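With the UniProt record's numbering, letter number 63 in the sequence shown gets 63, and the count goes up by one each step, no holes.
All residues carry an ideal CB built from backbone N, CA and C; glycine is no exception.
Owing to the predicted nature of the structure, the values given are computational and were not obtained by experimental measurement.
Here the structure comes first, spelled out in structure tokens, and everything after it is commentary.
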Amino acid sequence: MQKVTKVFYISLAISVLFIIWGIIPETSLPKWNLDHITTLIQSFLVTRFGWFYLLVATAFLIFAIFLIVSKYGNIVLGKDGDKPEYNYLTWFGMLFSAGMGIGLVFWGAAEPVQHLHTPPYAAATEAEAARLAMQYSFFHWGFHPWAIYATIALALAYFQFRKEEPGLISSTLRPLFGDKMNGGYGTLINVIAVFATVFGVATSLGLGAQQIGSGLSFISDNITNTIGLQMIIRF
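Here it is, written out as structure tokens:
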């Protein structure tokens, strides 16, 4: 039986605190409710660091292409001589279903339409708005996000299956920082990683439940898209 580390307890405590913060009515905390604060943070990050996000995503894409065409793309994620457990089609199906499938099915079509009607930036003509809509949609649902997912996953898989390290983000930084990753620094990095993963999954799960609930409500007059229905879908 694996030992439950302090990363789990710290991450759980932070997540519970945010859940409690999120269910507090906005009227009780007019300027300090979770929705208002996260909106301000998002606006600040997009305004000040949007350019950096674009550069980082593009760098991930270039690096992923480099791995594909270089000799490093032939490294086995396991012991030398190991064979893949699944074929390419099965892997693609699992990655699509467990990755961004539920968002891509809906927003892959809805986002261009949304940006066409409400362009992110002022567009002089409808043709320009359509161009912006497709640019944003390709960036959000095209190769860039997949490159980010693949690069992080490859780093984790390489250190876990080739170096026999724990499947933690801190393990990927051990060559740079050495034994520091065994102490508080490693714990901090792993907590941040869990925190980011939980909130990323929560967003996808929440939006997915809303989409499924809306679909059920649309095809049946006897079903109402309520919070209760969405909770059932999530579980």
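For the alpha helix (DSSP H) containing residue i, list its first residue and its last residue.
i, result
"A122", "No alpha helix (DSSP H) holds A122; DSSP gives it neither H nor E."
"F44", "34 to 69"
"E223", "Inspection of the sequence shows that residue 223 is occupied by Ile rather than by Glu. Here I223 belongs to no alpha helix (DSSP H), and DSSP marks it neither H nor E."
"F92", "88 to 98"
"V16", "6 to 23"
"S171", "169 to 172"
"Y149", "143 to 157"
"residue 236", "A question about residue 236 goes unanswered here, because the residues of the chain that appear run from 1 up to 235."
Report all residues from its chain with a CB closer than 8 Å to the CB of residue i; omit the five preceding and five following residues, and keep chain order.
i, result
"P120", "L132, Y136"
"G81", "none"
"F60", "H144, A147, I148, T151"
"residue 273", "Outside the shown range of the chain (1 to 235) lies residue 273, about which nothing can therefore be said."
"T224", "S217"
Among residues of its own chain, excluding the 5 on either side of residue i, which ones have a beta-carbon nearer than 6 Å to its beta-carbon?
i, result
"F159", "E165, S171, T172"
Mark residue i as exposed unless 16 or more other C-beta atoms lie within 10 angstroms of its C-beta, in which case mark it buried.
i, result
"N190", "buried"
"A25", "The sequence given here places Pro at residue 25; Ala does not occur at that position. The residue in question, P25, is exposed, as its Cβ has fewer than 16 Cβ neighbours within 10 Å."
"A98", "exposed"
"S220", "exposed"
"I227", "exposed"
"G215", "exposed"
Apart from the five residues just before and just after residue i, which ones in its own chain have a Cβ nearer than 7 Å to its Cβ?
i, result
"residue 280", "With the chain represented from 1 up to 235, any question about residue 280 goes unanswered, as that position is not in the structure."
"L116", "A129, A130, A133"
"L156", "G167, T172"
"L207", "G103"
Practice task
Take every Cβ of the segment 206 to 220, pair it with every Cβ of the segment 101 to 110, and state whether three or more of those distances are shorter than 8 Å.
Solution key: Judged by Cβ distances under 8 Å, the segment 206 to 220 makes contact with the segment 101 to 110, as three or more pairs qualify.
Practice task
Examine the Cβ distances between the segment 144 to 161 and the segment 54 to 65 and report whether three or more of them are shorter than 8 Å.
Solution key: Yes: the two stretches touch, three or more of their Cβ pairs being nearer than 8 Å.
Problem - Validate contact between the segment 85 to 94 and the segment 183 to 202 using beta carbons, cut 8 Å, 3 pairs - result: no
Practice task
Run through the segment 178 to 223 for me and flag every whole alpha helix (DSSP H) of 4 or more residues, listed as ranges in chain order.
Solution key: 184 to 219
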